[in-house]
Amino acid sequence: MHIGFIGLGIMGSRMAANLLKHHVALTIFNRTPAKTAPLVEQGARPANTPADFANVDILFTMLAHPEAITAVALADDGFIHHLRPGALWVDCSTVTPSFSLSLAKTAEAHGVEFLDAPVAGSKPQAANGELTFFVGGTAENVETCRPYFNMMGNKVVHVGSSGAASALKVVINSLLGTAMASFAEALALGHSLGLPAELLLNVLVGGPVVPPFMAMKRLKIEQQQYESDFPLEWMHKDLHMAALAAYETAVPVPIIQSAKESYMQAMKDGLGALDFSAIYQLANR
Ligand SMILES: NC(=O)c1ccc[n+]([C@@H]2O[C@H](COP(=O)([O-])OP(=O)(O)OC[C@H]3O[C@@H](n4cnc5c(N)ncnc54)[C@H](OP(=O)(O)O)[C@@H]3O)[C@@H](O)[C@H]2O)c1
Numbered sequence: 002m003h004i005g006f007i008g009l010g011i012m013g014s015r016m017a018a019n020l021l022k023h024h025v026a027l028t029i030f031n032r033t034p035a036k037t038a039p040l041v042e043q044g045a046r047p048a049n050t051p052a053d054f055a056n057v058d059i060l061f062t063m064l065a066h067p068e069a070i071t072a073v074a075l076a077d078d079g080f081i082h083h084l085r086p087g088a089l090w091v092d093c094s095t096v097t098p099s100f101s102l103s104l105a106k107t108a109e110a111h112g113v114e115f116l117d118a119p120v121a122g123s124k125p126q127a128a129n130g131e132l133t134f135f136v137g138g139t140a141e142n143v144e145t146c147r148p149y150f151n152m153m154g155n156k157v158v159h160v161g162s163s164g165a166a167s168a169l170k171v172v173i174n175s176l177l178g179t180a181m182a183s184f185a186e187a188l189a190l191g192h193s194l195g196l197p198a199e200l201l202l203n204v205l206v207g208g209p210v211v212p213p214f215m216a217m218k219r220l221k222i223e224q225q226q227y228e229s230d231f232p233l234e235w236m237h238k239d240l241h242m243a244a245l246a247a248y249e250t251a252v253p254v255p256i257i258q259s260a261k262e263s264y265m266q267a268m269k270d271g272l273g274a275l276d277f278s279a280i281y282q283l284a285n286r
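At the far end of the sequence shown sits residue 286, using our numbering, and the numbering has no gaps.
In C-alpha cells, the structure reads:
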C-alpha cells in the first residue's frame, strides 16, 4: 500500500511520523513546504503539489478547516482531480457533518472512496500513537484503513455512515470548548471573591464538578505558559462548526454561541496561536 498525508501541522506531522515508524511508504504535502523536511529525513517522499498523489492507495488529510480542505482537495488543481479511481481519502480534520457529507459526495463523483475520521486526543496523544479515531463511512473502508489507524492511535470507533463521525466530533468539542471557557470564568469569580488560586485549583481540578481534561491544563494556567497543544483559534473554529451544525439542524445552542464569542475576543487579544486554555487570560485580565 502506498499512503499519502496532507497537512503537517501540530497533529498531522506527528501522525505521519508514526506511519513512518511503521515503515509505511509515504508521500507528504504541506502548504508551507519547510514543515516536510523532518519527515523527509525519516523517509517520506515530498510531493510538490496536492496534484502529486495519483499513485496513493489511501490519502489522509489533517487540515485546519473547511477552507483549507477546499484549497487542497477541491480547487482546480486539488487532489480530488488526480486520485486514482478506487483510492480511499480519509479526512481527519474537524469540520461540520454536512461538510463531511459533501466531501463524501464529491469523492463518489470522482470514483474515490471516503471516510470522515476526526480524532480525539491532542499533541501528546498524536506523538505517542494514542489517538482515538471516530470514523464515518462503510465498514469495508474502515477495515482497509484499520491497520493505519492503529499505527497512529489505539482506538477506532465506527460511528456510522459518512458525516456521523464529524457529528460526534463537533458534539465532543462543543463540550471541551464551553467547559474550558466556563472554568476560566469561574476561576475569575473565585479570585474576585478573594479565594487563593492554589486553593481553587486544588479543590476544583480532580473534583466532581470539573471535567478530567482540566488536569492536563492546570500547569499551563498555573505557569501562564500556553504552548499550544490545541490552538485557541481552532477551538473558536470548532465552536463555529458546532454553531453551524446547530443552525443547519435548527437547534438552539446559546451556551456554545456565547463561548464561541469569548474565543473570538481572545483571538482579537492576540491569543489565537496559544493553547485554547489561554482563554483563562481573557477571563482573568
Ligand atoms: N491540535 C489538537 O489538539 C487537535 C486535536 C484534534 C483535532 N484537531 C483538528 O485537527 C486539524 C489540524 O489541527 P492542528 O492542531 O494540527 O493545526 P495546525 O498545526 O494549525 O495545522 C493546520 C494544517 O492545515 C494547513 N492549512 C491551514 N490553512 C490552509 C490553507 N488555506 N491551505 C492549505 N493548507 C492549510 C496548515 O498548513 P501550514 O503549515 O502551511 O499552515 C497545516 O498543515 C484541525 O481541524 C483541528 O481542529 C486538532
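Quick reminder that beta carbons are idealized off the backbone N, C-alpha and C, glycines included.
- Environment of N49 [buried if 16+ CB atoms lie within 10 Å]: Under the 10 Å beta carbon count, N49 is surrounded by fewer than 16 other beta carbons and is classified as exposed.
- Item | Exposure label - D77; buried when at least 16 CB within 10 Å | exposed
- Message: Run through the DSSP bridge pairs and tell me what V91 is partnered with.
- Response: F61 and L116
- CA-CA distance, S94 and T139? 18 angstroms
- Message: Taking a contact to mean a Cβ-Cβ separation below 8 angstroms, would you say S167 touches I11 in this structure?
- Response: no
- Item | Rounded separation between P98 and L196 - CA only | The alpha-carbon atoms of P98 and L196 are separated by roughly 42 angstroms.
- Query: If we count the other Cβ atoms within 10 Å of its Cβ and call it buried at 16 or more, is D270 buried or exposed?
  - Reply: D270 should be labelled exposed.
- Item | Nonlocal neighbours in the same chain, by C-beta distance under 7 angstroms from H159, ignoring five residues either side | V136, A140 and V143
- Task: Give the DSSP-derived three-state secondary structure of V210 in the structure shown.
- Result: Here V210 sits in coil by DSSP.
- Item | Identity of the residue in N203, P253 and L188 nearest L283 by Cα | Among N203, P253 and L188, the Cα nearest to that of L283 is on L188.
- Unbroken alpha helix (DSSP H) run spanning N19, endpoints: I11 to K22
- Message: Can you give me the C-alpha to C-alpha distance between I173 and S278, rounded to a whole angstrom?
- Response: 16 angstroms
- Message: If contact is defined by three or more beta carbon pairs under 8 angstroms, each pair taking one atom from either stretch, is the segment 170 to 184 in contact with the segment 204 to 215?
- Response: yes
- So does the segment 81 to 88 actually touch the segment 249 to 259, counting three or more Cβ pairs closer than 8 angstroms? Result no; under three Cβ-Cβ pairs closer than 8 angstroms.
- Query: Hey, how far is the Cα of N31 from the Cα of D53?
  - Reply: 12 angstroms
- Are the CB atoms of A35 and V57 nearer to each other than 8 angstroms? no
- Message: Tell me the residue span of the alpha helix (DSSP H) that contains L102.
- Response: Per DSSP, L102 belongs to the alpha helix (DSSP H) from P98 to A110.
- Query: Shortest alpha-carbon distance to Y264 belongs to which of G8, G207 and D239?
  - Reply: D239
- Task: Measure the C-alpha to C-alpha separation of E42 and T133 and round it to an integer number of angstroms.
- Result: 27 angstroms
- Item | Extent of the continuous alpha helix (DSSP H) run through F54 | It is not in any alpha helix (DSSP H) - F54 carries neither H nor E in the DSSP assignment.
- Report the partner residues of A121 according to the DSSP bridge assignment. Its beta-bridge partners are T133.
- Item | Contact test: M153 Cβ vs ligand 1 heavy atom, cutoff 7 angstroms | no
- How long is the line joining the alpha carbons of V120 and E199, rounded to whole angstroms? As the crow flies, the alpha-carbon of V120 is around 33 angstroms from that of E199.
- Query: How about L104: is its Cβ closer than 7 angstroms to a heavy atom in ligand 1?
  - Reply: no
- Task: Measure the C-alpha to C-alpha separation of M63 and N151 and round it to an integer number of angstroms.
- Result: Each residue's alpha carbon lies about 16 angstroms from the other.
- Message: For L177, report the span of its beta strand (DSSP E) as first-last.
- Response: Run containing L177: none in the beta strand (DSSP E); it sits in the alpha helix (DSSP H), A165 to S193.
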